[in-house]
Ligand SMILES: Cc1cc2nc3c(=O)[nH]c(=O)nc-3n(C[C@H](O)[C@H](O)[C@H](O)COP(=O)(O)O)c2cc1C
Ligand code: SF4
Ligand code: SF4
Ligand code: SF4
Ligand code: SF4
Ligand code: FES
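Protein chains in written order, with the working numbering: chain A, 1 to 393; chain B, 1 to 594.
Here is the structure:
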């Protein structure tokens with residue numbers, strides 16, 4: 001397999017052993033400069049929603065509060081993704097550096113890594129890295145400490161406000177927004193919550209400068225992204241690629257030659273059929289990405305032997321289970337979508353019922369309380385619209 | 001700071017931090033809601049209150065969304081209507097919508113909403129066959145029917161925020177998500193206090209009181225039964241609401257008329273035993289003060305707390321069992337009445353107690369549980385046979401075809417029908433304290449309580465914790481040890497506040513002699529058996545009515561109630577005496593903490 005169309009990068013996983021130097025260099029800068037660098041770099045959150053990281057830090061820095069927090073979201077619940085796990089085990093110091101700089105900029109004294117329950121095995125190594133990092137911070141006179149919080153195991157706890165609830169010992173249910181985490185996050189205090197990968201990227205920005213980072217990628221999607229490639233591919237795994245590739249190029253590199261669709265962004269993402277590979281570019285403002293894509297960069301390839309009905313069925317099974325259940329459109333809507341496609345498949349409902357389901361999915365998008373319910377329509381509508389015959393026959 | 005926006009093209013200016021829902025209310029635009037309740041924090045989970053903001057694709061939950069400058073909101077656009085209709089359709093698809101069999105028929109918020117959106121029969125798939133819904137009808141007070149639940153979590157927020165009990169919580173996620181109790185045990189096995197506050201706020205038929213209407217009809221219609229009915233103070237200022245009247249109307253006379261028309265053999269008054277409670281409980285307080293302050297008896301506990309709210313009693317049994325000796329041993333007015341109905345009253349009227357059926361009309365669901373307590377049989381029979389809520393009575397009045405509004409006023413029967421203003425104010429938070437002070441102060445000093453018109457204003461009102469200190473001066477010789485003592489009292493309502501007070505007592509931070517606790521917000525007038533809806537404004541209206549009723553009474557001090565004086569002469573002999581001990585006092589039980 002020596003197809004090399006795509007530019008594979010090695011920014012994130014390269015272990016450069018220069019934490020002390022980088023950290024000293026950034027901390028010598030003024031807070032405003034650091035924020036400015038981040039804004040110039042164009043870095044956007046890698047946890048799904050794609051919110052500009054510099055702006056998030058800035059807003060939190062501007063809040064008046066005696067207590068603030070920095071949280072690294074390592075809940076990584078999206079099936080088939082494990083890039084955050086890899087980053088945390090290979091280059092934890094990069095993530096910790098990002099957190100520490102964020103703490104200096106915002107005025108936080110305490111940080112947490114919210115670690116997915118299944119990743120408990122990472123804790124001993126992570127604790128070692130944290131201890132070493134604490135020593136380093138002491139020499140730099142930065143009053144900041146990080147602890148690990150083991151998650152509860154529910155997918156929804158990766159959603160930032162549900163994550164805070166869960167850390168506060170409550171049931172993991174998303175909150176109303178506003179207030180946003182930058183205003184009232186963990187313990188109702190201003191909080192920066194960033195994905196593992198986002199924080200690791202800040203390290204590259206500190207090291208190579210914002211311009212270098214900005215030069216990578218395309219309009220509005222800068223830098224690189226770690227993708228988890230799975231499905232019908234001879235080379236599943238984790239790849240760091242530059243933003244801006246077309247799906248056709250991606251498929252040329254990774255698929256088995258028979259790809260009929262790619263699911264971009266996992267269960268909450270979009271399904272792109274073969275006929276659109278050429279036109280589809282991967283990036284935040286591409287034709288695909290919705291306003292809130294809780295994806296960890298999952299790319300799942302389906303070849304022509306796959307039933308898209310089964311694919312959709314699996315996604316809906318997942319949502320029916322993983323919805324927190326609090327809001328009507330998501331709790332009941334997911335059940336209706338699942339039973340609905342089953343009924344159409346069995347001929348108990350006419351194929352026109354699919355249109356009612358499409359309109360339901362749209363209602364869920366505009367009325368559900370959090371990103372989970374809002375994004376069910378992404379996969380549902382893109383699969384039903386592109387593979388309607390497969391739903392019926 | 002004011003924020004300007006338009007709602008349905010009407011300009012509105014509201015305080016910063018208001019929600020769109022509040023702003024809409026200001027210009028009389030009604031937005032439907034289900035999970036929202038004025039008494040509770042905002043949940044934003046039902047999503048029927050969504051509205052459209054020009055320029056935003058997603059709809060906004062108006063109950064949770066703060067206004068911002070220049071917003072252009074539409075509450076009834078095509079997009080909003082379509083979404084809202086689908087949300088209602090989704091709720092119905094998960095709901096056992098058998099309205100014709102349901103207690104909430106005609107009084108249900110879900111039903112009302114669905115009647116506004118003609119859903120037709122082209123709905124979603126009925127999910128009921130896929131669900132394993134259960135009904136918990138084991139409690140004597142509360143029925144929980146999961147098949148009627150829309151998961152709005154009003155009950156959970158009520159039980160947690162207002163009552164600090166958390167008997168109801170959310171369990172499971174996704175399609176299994178439900179409202180559950182500790183380990184999904186029946187309500188009667190858990191910490192639930194039966195206060196019914198959740199029932200008062202449940203928008204559907206998922207939480208209701210246990211209904212005893214048919215049993216009461218049977219008793220009324222039985223030839224050989226003498227059915228006495230007692231009416232609690234708070235019923236007379238709220239029943240009207242369930243029968244088409246505005247909150248705050250006093251309907252005591254019509255209430256008596258209606259009960260007579262329903263066929264009760266005697267219409268009597270819990271207010272009478274409220275006065276009696278004051279005598280017993282007031283004397284108990286003085287006895288405790290004597291033992292502690294004069295005799296130095298350390299086995300006697302202070303502060304003493306009231307005992308007339310069965311929700312509070314069960315709460316303290318579960319949560320602060322080490323304080324059970326602090327609870328007044330005086331029974332609640334309902335149970336004093338029950339015990340006397342089948343003894344004193346039976347003797348007087350020469351009726352065999354076994355032929356007496358004693359019914360009470362209560363603002364309360366916990367009273368049903370209280371009547372079922374095994375110790376509440378001191379007459380040798382079940383002292384109170386059936387407890388009906390204000391709501392159940394309203395339904396009986398409708399069933400009987402009585403036009404309530406046109407009823408003439410009528411008077412209570414005697415004996416056990418006469419009462420004072422002190423008995424009436426039992427229905428409001430602070431009322432028991434005020435009534436007790438009117439009597440105890442006079443017993444100790446020989447003078448009236450030093451407040452204008454006997455109105456002990458510091459203990460009145462909706463404040464969470466009210467404190468009043470009354471200095472005892474120029475006391476009668478018998479009470480010389482109380483000379484100069486500052487009697488420290490505390491009044492609270494709602495169990496969240498009660499918990500705070502008890503924690504302050506426990507930590508030694510608070511140093512009271514006497515504490516009044518009512519489990520429900522506002523006292524009994526905000527009880528779990530009162531007409532739905534409830535909110536602060538309604539409770540305030542009822543409160544005003546109660547104090548009005550007090551002002552209109554000829555006699556306003558319990559110890560001056562002639563019937564009370566007579567029952568001591570003829571039957572009880574003396575407060576805290578042997579007869580009182582047997583009939584009017586009780587004991588408490590330590591309960592588990594789950
Ligand atoms: C249902 C759901 C699950 C999510 N799970 C994760 C997750 O596992 N990891 C993550 O970083 N972000 C997750 N998010 C996104 C977070 O809410 C949040 O946007 C993110 O942590 C912010 O970090 P970023 O700005 O660095 O992307 C999830 C969002 C939703 C709606
Ligand atoms: S959209 Fe789904 S996951 Fe999000 S709050 Fe609603 S029910 Fe919970
Ligand atoms: S709860 Fe309401 S909607 Fe449901 S059956 Fe009863 S009346 Fe009908
Ligand atoms: S029981 Fe009633 S109040 Fe509680 S969630 Fe269900 S419908 Fe809402
Ligand atoms: S009756 Fe009172 S204590 Fe019991 S569940 Fe309802 S609110 Fe909670
Ligand atoms: S009333 Fe606003 S979401 Fe329920």
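The beta carbon of each residue, even a glycine, is placed where N, CA and C say it ideally should be.
Cα-Cα, which of the options is closest to residue i?
{"i": "residue 542 (chain B)", "options": "B:371, B:426, B:443 and B:574", "result": "B:426"}
{"i": "residue 267 (chain A)", "options": "A:117, A:17 and A:374", "result": "A:374"}
{"i": "residue 63 (chain A)", "options": "A:38, A:379 and A:107", "result": "A:107"}
{"i": "residue 154 (chain A)", "options": "A:206, A:323, A:219 and A:311", "result": "A:323"}
{"i": "residue 149 (chain B)", "options": "B:130, B:491 and B:180", "result": "B:180"}
{"i": "residue 357 (chain A)", "options": "A:131, A:342, A:369 and A:370", "result": "A:342"}
{"i": "residue 355 (chain A)", "options": "B:123, B:293, B:296 and B:266", "result": "B:123"}
{"i": "residue 320 (chain B)", "options": "B:591, B:35 and B:47", "result": "B:591"}
{"i": "residue 409 (chain B)", "options": "B:258, B:473, B:47 and B:294", "result": "B:258"}
{"i": "residue 462 (chain B)", "options": "B:419, B:326, B:523 and B:420", "result": "B:523"}
{"i": "residue 151 (chain B)", "options": "B:98, B:578 and B:171", "result": "B:171"}
{"i": "residue 224 (chain B)", "options": "B:261, B:265 and B:1", "result": "B:265"}
{"i": "residue 234 (chain A)", "options": "A:218, A:256, A:214 and A:220", "result": "A:256"}
{"i": "residue 303 (chain B)", "options": "B:514, B:37 and B:474", "result": "B:514"}
{"i": "residue 458 (chain B)", "options": "B:429, B:484 and B:479", "result": "B:429"}
{"i": "residue 146 (chain B)", "options": "B:184, B:113, B:546 and B:112", "result": "B:184"}
Return the CA-CA distance between residue i and residue j, expressed in angstroms with no decimal places.
{"i": "residue 290 (chain A)", "j": "residue 46 (chain A)", "result": "In this prediction, residue 290 (chain A) scores a pLDDT of 38, lower than 50, which makes its location untrustworthy; no coordinate-derived value is stated."}
{"i": "residue 305 (chain B)", "j": "residue 444 (chain B)", "result": "20 Å"}
{"i": "residue 77 (chain B)", "j": "residue 9 (chain B)", "result": "12 Å"}
{"i": "residue 112 (chain A)", "j": "residue 166 (chain B)", "result": "29 Å"}
{"i": "residue 161 (chain B)", "j": "residue 194 (chain B)", "result": "16 Å"}
{"i": "residue 172 (chain A)", "j": "residue 164 (chain A)", "result": "8 Å"}
{"i": "residue 136 (chain A)", "j": "residue 146 (chain A)", "result": "13 Å"}
{"i": "residue 132 (chain A)", "j": "residue 104 (chain A)", "result": "18 Å"}
{"i": "residue 288 (chain A)", "j": "residue 504 (chain B)", "result": "In this predicted model, residue 288 (chain A) has a pLDDT of only 45, less than 50, meaning its place in the structure is not dependable enough to derive any value."}
{"i": "residue 33 (chain B)", "j": "residue 236 (chain A)", "result": "48 Å"}
{"i": "residue 217 (chain B)", "j": "residue 92 (chain B)", "result": "34 Å"}
{"i": "residue 286 (chain A)", "j": "residue 70 (chain A)", "result": "Residue placement at residue 286 (chain A) is flagged as unreliable, the pLDDT there being 48, under the threshold of 50; the coordinate-derived value follows with that caveat. For residue 286 (chain A) and residue 70 (chain A), the distance between alpha carbons rounds to 30 Å."}
{"i": "residue 360 (chain A)", "j": "residue 337 (chain A)", "result": "8 Å"}
{"i": "residue 73 (chain B)", "j": "residue 55 (chain B)", "result": "10 Å"}
{"i": "residue 94 (chain B)", "j": "residue 57 (chain B)", "result": "27 Å"}
{"i": "residue 249 (chain A)", "j": "residue 125 (chain A)", "result": "37 Å"}
{"i": "residue 182 (chain B)", "j": "residue 137 (chain B)", "result": "16 Å"}
{"i": "residue 127 (chain B)", "j": "residue 90 (chain B)", "result": "10 Å"}
{"i": "residue 4 (chain B)", "j": "residue 109 (chain B)", "result": "31 Å"}
Contact check, residue i vs residue j under 8 Å by CB: the rounded distance?
{"i": "residue 356 (chain B)", "j": "residue 346 (chain B)", "result": "6 Å"}
{"i": "residue 390 (chain A)", "j": "residue 309 (chain A)", "result": "5 Å"}
{"i": "residue 61 (chain B)", "j": "residue 49 (chain B)", "result": "6 Å"}
{"i": "residue 157 (chain B)", "j": "residue 43 (chain B)", "result": "7 Å"}
{"i": "residue 277 (chain A)", "j": "residue 251 (chain A)", "result": "6 Å"}
{"i": "residue 442 (chain B)", "j": "residue 449 (chain B)", "result": "7 Å"}
{"i": "residue 80 (chain B)", "j": "residue 309 (chain B)", "result": "Incorrect: roughly 44 Å between the Cβ atoms, too far for contact."}
{"i": "residue 416 (chain B)", "j": "residue 340 (chain B)", "result": "7 Å"}
{"i": "residue 412 (chain B)", "j": "residue 256 (chain B)", "result": "6 Å"}
{"i": "residue 389 (chain B)", "j": "residue 209 (chain B)", "result": "5 Å"}
Since residue i sits in a beta bridge, which residues does DSSP pair it with?
{"i": "residue 222 (chain A)", "result": "A:217"}
{"i": "residue 299 (chain A)", "result": "A:229 and A:264"}
{"i": "residue 52 (chain A)", "result": "A:44"}
{"i": "residue 11 (chain B)", "result": "B:6"}
{"i": "residue 147 (chain A)", "result": "A:112"}
May I have a chain-ordered list of the alpha helix (DSSP H) segments no shorter than 4 residues that lie completely inside the segment 318–392 of chain B? The segment 318–392 of chain B contains these whole alpha helix (DSSP H) runs: 333–340, 346–349 and 366–372.
Within the segment 47–104 of chain A, ranges of the alpha helix (DSSP H) (whole runs, at least 4 residues): Runs found: 53–62 and 83–90.
List in chain order: all unbroken alpha helix (DSSP H) runs of 4+ residues lying wholly within the segment 478–514 of chain B. Qualifying alpha helix (DSSP H) stretches, in chain order: 495–507.
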